[in-house]
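Visitor:
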């Protein structure tokens, strides 16, 4: 997979994925949905982290 987003795009996508993950977590689903919810939260956090790293790299 090839990602080429601006930092704003990463923040936006990461935030959406985290909210989606939290929404799935709060809804009562089976174990599968639980795992998918956590996966989305972790992936969203990873994207936000990438955005932060890009901002730091650009500042130098």
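In the numbering used here, the protein residues as written are -11 to 48.
Every residue gets a Cβ at the ideal spot worked out from N, C-alpha and C, and that includes glycine.
To the nearest whole angstrom, what separates the beta carbons of residue -3 and residue 32, a pair I think is in contact under 8 Å?
Guide: About 13 Å separates the two Cβ atoms, so there is no contact after all.
Visitor: DSSP three-state call for residue 38: helix, strand or coil?
Guide: Correct three-state label for residue 38: helix.
Visitor: Excluding the 5 residues preceding and the 5 following residue 42 in the sequence, name in chain order all residues of the same chain whose CB lies nearer than 6 Å to its CB.
Guide: Correct list, in chain order: -5.
Visitor: Which of the three DSSP states, helix, strand or coil, is assigned to residue -5?
Guide: Three-state result, residue -5: helix.
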